[in-house]
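Protein chains in written order, with the numbering used here: chain E, 9 to 348; chain W, 9 to 348.
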């Protein structure tokens, strides 16, 4: 892939990263946004999409999903470029002071500034805790949604993502046998999803097994069956050729730890004037940073992104300070917002 | 008046002061709010009530008035006590470390902490620049809305406040003669207001004079007439017994300058951990404070109020740090918000 030259790369598409796009936009700086998730929103869309948040200023109540939608609408005039489903694996400082940023998708950015808005880290699929099963990952074992040509499919999980995948596979009508495996006979999903699952079970299209994977059988290097232990302790063999697990996501700091940044208990140290790290040109905003008084609150991330954008403009424009203007009165900002 | 004991007094009911109420509420600290204006909203409701603001996070567009309404809704569960139409004239530190705060209405607060959220200062009516006319203030000359038993009333001003007052007086049908005086024949007000003014002029209920006050006549200590100079230079005498001026508001730092706070170019110096001034227990948030990197933006004020609230809780609870909780998950915060 051709390296992309840019003024600003933002790592993380949660609220901090999205508002960073906005504040950079007001400074006439276009941003590329990288996120390990396949969609914007970060923790808000992953950990609490439907839970209400009550402490966003002037929004007495809004869900994580709604907050994301609102921020995406707000940054639309600035046309950020999203690079999703990939994480930054390497950052190197170049001789000219710019940074070479490489993602897991092989994309390289040559950027003047870098914003770490990584929240609590990148979200990784939580893995099955079954000894030896990792050897099948990528062939017969998949985490999350993935195209499948399975004949005997087992889907593990009890939340909407697992159920939605089961419904999709049943409706495709290609797979011979589809089994939903969950540690108990209770699911967390919207009523319509639960109703559809009940229908599919009644018509025998979908099998349901309650229990946990406590072992597996293999033939040569092929996974052939799972040993399932029911809550009462009974075990059974469940034959399969493909296993899809939906065990949720858990955040990991990941490669950021290797970028040469000063850390304090896995948080990136920044100043409170520019929210800049010990490496000039690299800023950190939101839950991932730390400074005296730091609170991991979205409201604070918005402030941090604001001051970091001013500092970025000064950094890019050879230390010429960016003037403060108001969106209410500035014709220039209103033009940038696409209003005039 | 009986002194009011309190944990927190907030000076200023603009966005910073209102969000300060919210963040203190989450810390279980009730707040008294003092403002020189007769209503909440500060600059937002005074300088740009109907102008759109585009940079409040997750609110792609909202007017100053709407922002105020939203913040008032958000702080409702915390039942702040408003003390409007008065300004703080004196702050004294007491032997027990508390503060005695006195307002221009004679109200005294004995408070453990004080938050200066005074924006650009308290708003004072802009005065007529006519030599000697100040002697009539409070008797025949009034700034802004005020009950009147006038027979010959002159109202000065060209914006909605002046026009609304003229309409109200005309409709009361008590005053013999009502004259609207403005330096030019063009008004700034909503169309419905302008239409009503035109009607009243057509029916001769309201007189209109274009020009500026360049002098006055008096008989003993009574104001009897104004000398009006028209744009073309002609002068006329305008008899009257009462004059109401609506020349807008202008902010003044006012008595804050005398409270012993460290100032930098009329801004109150604070740290960025607690947003506390040089006097422990006195915090400053929003446009009135300064620190390295400071930008006078509402988004920044929200962050400052948040950290100041944590610091206040620590200050009140004998240095026991306030734990970070989330409104999305904390049963305690949800109870405080009146949700459970």
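C-beta: ideal position from N, C-alpha, C; glycine also.
Interface flag for residue 308/W against chain E is set, since a Cβ pair is found closer than 8 Å.
For residue 314/E, the C-beta contacts it makes with chain W under 8 Å involve 303, 305, 307, 308, in order along the chain. Residues of the region 253-287 of chain W whose Cβ lies closer than 7 Å to any Cβ of chain E, in chain order: 280, 281, 282. Its Cα nearest to that of residue 287/W, the residue 277/W stands out among 295/W, 294/W, 277/W, 296/W. Secondary structure at residue 134/E: coil, using DSSP grouped into helix, strand and coil. Bridge pairing for residue 100/W: 108/W [DSSP]. Contact between the region 81-94 of chain E and the region 264-284 of chain E is absent, with fewer than three C-beta pairs closer than 8 Å.
Looking only at 260/E, 122/E, 70/E, 342/E, the smallest Cα-Cα distance to residue 14/E is reached by 122/E.
Runs of the beta strand (DSSP E) lying entirely within the region 245-292 of chain E, each at least 3 residues long, are 250-253, 257-260, 275-277, 290-292 in chain order. If you ignore the 5 residues before and after residue 173/E, its C-beta comes within less than 7 Å of the C-beta of 153, 163, 252, 254, all in its own chain and listed in chain order. Note on residue 258/W: under 16 other CB atoms within 10 angstroms of its CB, so exposed under the neighbour-count rule. For residue 68/W, the number of other beta carbons within 10 angstroms of its own is at least 16, and it is reported as buried. Between the beta-carbon of residue 72/W and that of residue 53/W there is about 6 Å, and that keeps the pair under the 8 Å contact cut. Here residue 35/W really is in contact with residue 330/W; their C-beta atoms are around 6 Å apart, less than 8 Å. The alpha-carbon separation between residue 263/W and residue 84/E amounts to approximately 44 Å. Between the alpha carbons of residue 228/W and residue 217/W lies a gap of roughly 26 Å.
Within the region 202-251 of chain E, not a single complete alpha helix (DSSP H) segment reaches 4 residues in length.
If the five residues before and after residue 248/E are omitted, its C-beta is found closer than 6 Å to the C-beta atoms of 160, 162, all from its own chain and listed in chain order.
At least one CB atom of chain W sits nearer than 8 Å to the CB of residue 64/E.
Among the bridge pairs identified by DSSP, residue 35/W is matched with none. In the DSSP assignment, residue 191/E falls outside any alpha helix (DSSP H), carrying neither H nor E.
Residue 16/W is bridged by DSSP to 39/W, 121/W. A Cβ-Cβ separation of about 7 Å places residue 316/W in contact with residue 28/W under the 8 Å criterion.
Beta-carbon to beta-carbon, residue 11/E and residue 117/E are separated by about 7 Å, close enough to satisfy the 8 Å threshold. For the pair residue 219/W and residue 205/W, the CB atoms are not nearer than the 8 Å cut-off. Residues are counted here when their Cβ sits less than 9 Å from a Cβ of chain W; for the region 33-52 of chain E these are 34, given in chain order.
Taken through DSSP and simplified to helix, strand or coil, residue 341/W comes out as helix. Taking all protein chains shown into account, residue 82/W has 16 or more neighbouring C-beta atoms within 10 Å of its C-beta and is therefore buried.
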